[in-house]
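Numbering (the UniProt record's numbering), first residue to last: 1 to 758.
Printed below as a string of structure tokens:
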């Protein structure tokens, strides 16, 4: 069904980018094949009505191969009759479609014939006045339906209408309405109207203001002429220039003071369009002293006036610092601030954009804007349902947040929470403006506590951002916050962590784990129980909070061990006796022989006693092995025993992964600490999702503290990956005591540069 346009001439030429004239008709334009959303000609001609009907016809009469395969029918006693009925139904359906398409094609043919008759009447020099008026009125009605416009243009409507722009008022009005509607469909039609010579007679219509001020017909003609200017100039720099060259701007400026408010609004809309990204037009509008009148229009009692006036001022100010100063001198600041509370979303957007432009880095009026009451409505606009309103208010607040006093004011009025919420909007420009505003607010120490209490650190670390510049801005914000965590700010946070409600205490602990200086770790997490809040989150809360907690604990451990990384390979301990590799399993000077796997291994007691308390007790104590020449070693393989003895004789060996666990068992049994540390280091390199429960049990069984802590760090670092495992909930509760012990140990030991491994 064809769509009829109701709101015929809203504003155009917004700073927000290229927009089609009729926002209500854009959807129908897509259906009609006229324009796509960016205003360019639609390259898909298949949307025309005739072609749509043609596709329907072919899909019924010649269905796709897959659809033509009928479902197998059950055999009945009357197969011939069933087949006849089936064929009859299919024939009736196809006939119905053909009849419908034929009717539509007949209607289109009638419409084309009607358009041609009207054009002939307009073009004929022998037509009487009433016939011409009827033809113009009929074309005006047809132009209100998008689907008709293409046929109208193809049949010569445009030059026929332009001829009558200097005729009696009722005729001019209908012609102007039609031309405005046609120009709104696509840029190509704009140029056809200009090529037909429409600019000069349209400008003459604008200058008729003195002929009949009280005549409604005359006022309507002037208003429609301004609408033609708006529509033909939209997103067309060359036509904007042509309008200036043909003298179109002065009468538009004069019409701002016209008694009819509809004419005023239309003139402001035209000036808004022709000034958009056209410096010469901007300068002429300002030179003609349009600014004072536009500023007065911002204060009009008619709300419909505000949108066009503020849109025109916004386009004039854009990229023009000198004009911006002129606008402020003209008294626009307070009216624009008042329009932040407008009920019109477009007016709110334009007002917020203007406030942001007034508060540019080179401007000194940021504090004045705040003093005049802009901050509160801007923060309220952050909660709008319109994304562009949210974006522009965040933009304005980001500019205002470059001032220290404004930073505190925005924070105290709840701006931090609202801006953080915008980070969840899946639109890059909204996210980026919110992130930039938060970056400004983070500069003020008075905002840090509110930032952290609102969960701001976690929101920034969630990294749900769509564009890289936003991520870069967030990184700078986190660094700025980190640099503030000392002195009074830290004292305030510690006080809150001791006295506020549990959720706030947890958020503070989470934030400080990422932001605090390592030297303050003991003060925050041991003396003020910060680690207990993190462990409580890990034990009791939901999955998202557990992930926050594990990430915070891992970062805390990373900072505390930054001078002594846990995963560095341990050096061999200093030994009193190293006989050397040549004495391994060498009978020379051997005074004891071990029997392992039925083989003899020659050894030297002096080396063994110096390396192990177990061997010392064996050979210096009251055990039977003290004077034995041959000692049997059970429960150990030759390969493992030989590696253990080689370590005792040389202080170093290469440990392979497949022997590391068996060698750890032997090192633990014989209390060879240096070897045990080497084994733990090798085992720790092999920890993964599949084996971490077994590795932790191994560490518990053989008191392998390095493996146990490596498991702890692995869990904290890879919590998200591990959390999907069915066994993980019980496992995390099992290792929480070890996490507490580990964090406590690393925070309470002296921080110093060292290569020693615990």
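Cβ atoms here follow ideal geometry from the backbone N, Cα and C, with glycine treated the same way.
Taking the Cα of residue 252 as reference, the smallest distance to any Cα among 226, 165, 260 is reached at 226. Nearest neighbour of residue 304 by Cα position, chosen from 327, 265, 120, 341, turns out to be 265. When secondary structure is reduced to three states using DSSP, residue 145 falls in the strand class.
Taking each of 666, 406, 557 in turn and checking the Cα distance to residue 749, the smallest one comes out for 557.
Bounds of any alpha helix (DSSP H) do not take in residue 443, whose DSSP letter is neither H nor E. Per DSSP, the continuous beta strand (DSSP E) segment holding residue 600 begins and ends at 599 to 603. Secondary structure of residue 712 (DSSP, three-state): helix. For residue 482, the enclosing alpha helix (DSSP H) starts and ends at 468 to 482. The three-state secondary structure of residue 594, taken from DSSP, is strand. In this model, residue 534 and residue 454 are separated by some 17 angstroms (Cα to Cα). Boundaries of the alpha helix (DSSP H) harbouring residue 283: 279 to 287, taken from the DSSP string. When the alpha-carbon of residue 740 is set against those of 525, 580, 172, the nearest one is in 525. When the beta-carbon positions are compared, residue 208 and residue 198 stay at least 8 angstroms from each other. Distances from the alpha-carbon of residue 371 to those of 405, 348, 339 put 405 closest. Shown here, residue 464 sits in coil according to DSSP, grouped into three states, outside any helix or strand. With respect to residue 283, residue 274 sits apart: the two C-beta atoms are not nearer than 8 angstroms. Closest in alpha carbon position to residue 291, among 271, 367, 277, is 271. Of the residues 339, 343, 325, the one whose Cα lies closest to the Cα of residue 298 is 339. For residue 194, the uninterrupted alpha helix (DSSP H) run begins and ends at 187 to 195, by DSSP. For residue 632, the uninterrupted beta strand (DSSP E) segment begins and ends at 630 to 632. In the structure shown, residue 293 falls within a helical segment according to DSSP collapsed to helix, strand and coil. When only Cα atoms are considered, residue 161 and residue 314 end up about 34 angstroms apart. Using a Cβ-Cβ distance cut-off of 8 angstroms, the region 671 to 681 and the region 639 to 655 are in contact, since at least three pairs of beta carbons, one from each stretch, lie closer than that value.
Residue 446 sits away from residue 396, with the two beta carbons spaced by 8 angstroms or more.
If only uninterrupted alpha helix (DSSP H) runs of at least 4 residues are considered, those enclosed by the region 638 to 675 are 638 to 650, 657 to 669. A buried status is given to residue 308, since no fewer than 16 other beta-carbon atoms sit within 10 Å of its beta-carbon. Within the region 310 to 379, the complete alpha helix (DSSP H) segments at least 4 residues long are 321 to 329, 333 to 338, 345 to 358, 366 to 371, listed from N- to C-terminus. Annotation for residue 686: 657 place their beta carbon closer than 6 angstroms to its own, counting only its chain and skipping 5 residues before and after. With a contact defined as Cβ atoms closer than 8 angstroms, residue 554 and residue 716 qualify at about 4 angstroms. As the crow flies, the alpha-carbon of residue 108 is around 17 angstroms from that of residue 157. Residue 357 and residue 346 have their alpha carbons spaced roughly 17 angstroms apart.
Taking the Cα positions, residue 413 is about 58 angstroms away from residue 166. The beta carbon of residue 459 lies closer than 7 angstroms to those of 420, 423 in the same chain, with the five residues before and after it left out. Using a Cβ distance threshold of 8 angstroms, residue 684 and residue 666 do not count as a contacting pair. Rounded to the nearest whole angstrom, the C-alpha separation of residue 325 and residue 286 is 12 angstroms. When DSSP states are grouped into helix, strand and coil, residue 718 belongs to the coil group.
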